[in-house]
Amino acid sequence: METDHEEHPAPLSIPAEENEGSDMLRLQPTAWDQICTILLKKLGQDNFQRCFSGTTARIADGHRFIVNVPNPIHQLWIESNFAGTLADAAAEVLGTAACIEYSIANDSQPGFPVTAQPVLKAARVINTRQDGDRPLASPHVMADVSSSRSFADAGLNLKFNFDSFVVGSNCSYSAAVARAVSEKPGRIYNPLFFYGATGLGKTHLMQAIGQEVLMRKKKAIVRYVTSEQFTNEFVEAIKKHSFTQFRQKYRKVDVLLIDDVHFFEGKDSTQEEFFHTFNELFNNAKQIVLASDRPPSDIKNLESRLVSRFEWGLTTQIQTPDFETRVAILRRKMSDFNVALDPWILEFIAQRVRTNVRRLEGALMRVAAHVSLEGTMLNESALAAFLHDVIDEEPTKSITVDRVQRAVANQYDLRVSDLTGPRRPKNIAEARQVAMYLTRHMVKLPLIQIGEEFGGRDHGTVIHACKVITQRMSETHDFRAMVDRLSAKLKEA
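Just so we're aligned: 19 in full-length UniProt numbering is position 19 of the sequence shown, and the numbers increase by one with no gaps anywhere.
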């Protein structure tokens, strides 16, 4: 006779109490089982086992519902995909809305999320930290709970600090300026105006400035908001006749950080209010930091007096990161996840996701979660299919045979005529095969036409070249990396 054990989650362990006087209350096994049963029904057996098998739960301070997960990947995956479902299930069982928090397995301080050293069993995923290595966030951030609260009150996200910002050639100047401002707010580069495309790190640097100011001077008043939040609060102040409170909030600060200022476009009343707020702060030597997707002069329907004030200080652009910086960002993020993937996976992602750091990190999180939760490794074709929607969103650039030939010739210190001529020394033959391979995959010409572009060679020569290069890339990591770098440079040129 079959049992129904597969239809219900196995009882999950509940942490034992360390101290009788602790304010930590164990979640009754039956309550957690009820929550898991609801999750199982809503998510299905596969999703439940991937995300909630091995989790435990506890309650602190009577209202904080803390889920203990095996590793950071589980937390990120649950937060990104099932946070609402978990909150609904907990509220249904507990009879009240709970503030859901997460901690990593083996917490040393029950009730507060701390860094752990999880062992991931998924294929090809390895732990990258040793005892004493850098924690998930800066030590000073995790150590001081009161500081965490002041950061939250200022609108700051703990993860956006200088330690976690990867500096590359695309943003080295902006990062240096941001640090300088955080050390001497209101005294240099005031206002500071960051601009650049979405997802390149403007918000990260702004928030890092705010955090550093608070770390240096705990009594400083820092405020980070988007221009949309500022506008909405201004409209609300009009409705409620609460201008005094509104102006107190934004004019009695030491550092004001306003993101997405292009949202002020065409909003005359809001611009008028912000003009006077700006003047009040500037005249009192208070630091103003602004960010937009374009420089001040390119923001349409923005009053000229605001444009002029935004340009009083320093305007600096954050550009798209190059291939090497993108790989460095992925390595740092991988360290934050406390996992490691094969280097070729990072290079694959960095080569194909070029224009947006958020999308780059999102692609990595998706792959890391798949490997961790599924326990299987993706090969190159499966990885391309798995990330097809992210890759498809990337803008494509016109790549010609001539550009490929010039790039390869430069890499091998040859002339283009060497690639198209009859000579067959080993170094020229290899370069010619690489150029044919890249042309086949990036220019998408018929094989016969590719042969013609390389000195009238036949299509069989092109097929052979592609097979040779594909085989060597699968066997030699350094060679694969070189070809990937060439491909990335062609796409970015």
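A virtual CB, placed ideally from N, CA and C, is assigned to each residue, including glycine.
Beta-carbon proximity check, residue i vs residue j, cutoff 9 angstroms
i	j	result
Phe199	Arg331	Looking at the sequence shown, residue 199 is not Phe but Gly. It is not a contact, given that the beta carbons lie outside the stated cut-off.
Thr439	Val404	yes
Gln319	Lys491	no
Val307	Leu341	no
Val443	Ile399	yes
His204	Phe246	no
Gly180	Thr355	The sequence given here places Ala at residue 180; Gly does not occur at that position. No; because the gap between Cβ atoms is not below 9 angstroms, this pair is not in contact.
Ala481	Glu347	yes
Val69	Thr55	yes
Lys249	Arg223	yes
Phe323	Val261	no
Thr316	Ser174	yes
Phe193	Ala291	yes
Ala431	Leu414	yes
Met365	Leu43	no
Phe243	Ile258	no
Leu387	Val353	yes
Ile78	Val93	no
Ile221	Lys202	no
Ile104	Ala368	no
Arg58	Glu374	no
Phe282	Pro343	no
8 angstroms Cβ shell around residue i - same chain, five flanking residues per side excluded
i	result
Thr231	Phe263, Phe264, Lys267 and Thr270
Lys489	Phe323 and Ala407
Tyr189	Val177, Ala180, Val181, Gly313 and Leu314
Thr470	Tyr437
Ala83	Ile100
Asp293	Tyr195, Gly196, Ala197, Thr198, Asp260 and His262
Val483	Val434, Tyr437, Leu438, Ile469 and Met473
Phe278	Pro191, Ile288, Leu306 and Arg309
Leu445	Val401, Thr439 and Glu453
Residues of its chain near residue i, where Cβ-Cβ distance is below 6 angstroms and the 5 sequence neighbours each way are ignored
i	result
Pro185	Val213, Val255 and Gln287
His276	none
His459	Leu447, Ile448 and Gly451
Neighbour-count burial assignment, residue i, 16 or more Cβ in a 10 Å radius
i	result
Lys333	buried
Glu453	buried
Asn235	Inspection of the sequence shows that residue 235 is occupied by Val rather than by Asn. That one is exposed.
Ile345	buried
Pro422	exposed
Glu475	exposed
Gln433	buried
Ile238	exposed
Asp298	exposed
Thr325	buried
Arg424	exposed
Ala382	exposed
Arg187	exposed
Ala285	exposed
Asn301	exposed
His477	exposed
Asn71	buried
Ser417	exposed
Ala409	buried
Ala465	buried
Ser487	buried
Glu183	exposed
Contact set for residue i: own chain, Cβ-Cβ below 7 angstroms, skip 5 residues either direction
i	result
Cys211	Per the sequence shown, residue 211 should be read as Gln rather than Cys. Taken in chain order, the residues that qualify are Phe151, Leu156 and Asn161.
Arg472	Phe479
Ala178	Leu205, Ala208 and Ile209
Ala10	Note that Ala10 scores 39 on pLDDT, short of 50, meaning its location in the model is unreliable; the coordinates nonetheless yield the value given after this. Closer than 7 angstroms at Cβ, skipping near neighbours: no residue.
Phe52	Cys36 and Leu39
Ala97	Ala91
Pro321	Gly168, Asn170, Ile329 and Val357
Arg457	Gly451
Tyr412	Asn427 and Ala431
Gly455	Thr420, Gly421 and Pro422
Ala363	Ile349, Val353, Leu387 and Val390
Asn95	The sequence given here places Gly at residue 95; Asn does not occur at that position. No residues qualify anywhere along the chain.
Glu233	Phe246
Gln34	Val93
Ala154	Gly210, Leu214, Val222, Arg223 and Tyr224
Residue-chain proximity (residue i, chain B), Cβ-Cβ < 9 angstroms
i	result
Arg424	Of the chains in the structure shown, none is chain B; there is only one protein chain.
Residue i CB to nearest heavy atom of the ligand GTP below 8 angstroms
i	result
Leu419	Because no ligand of any kind appears in the structure shown, any question about the ligand GTP cannot be addressed here.
Secondary structure, alpha helix (DSSP H): runs of 4+ residues fully inside the region 303-352: 304-310, 323-337 and 343-352
Please specify which runs of the beta strand (DSSP E), each continuous and at least 3 residues long, are wholly inside the UniProt domain "AAA+ ATPase" (188-316), giving them in chain order. 192-195, 222-226, 255-259 and 287-292
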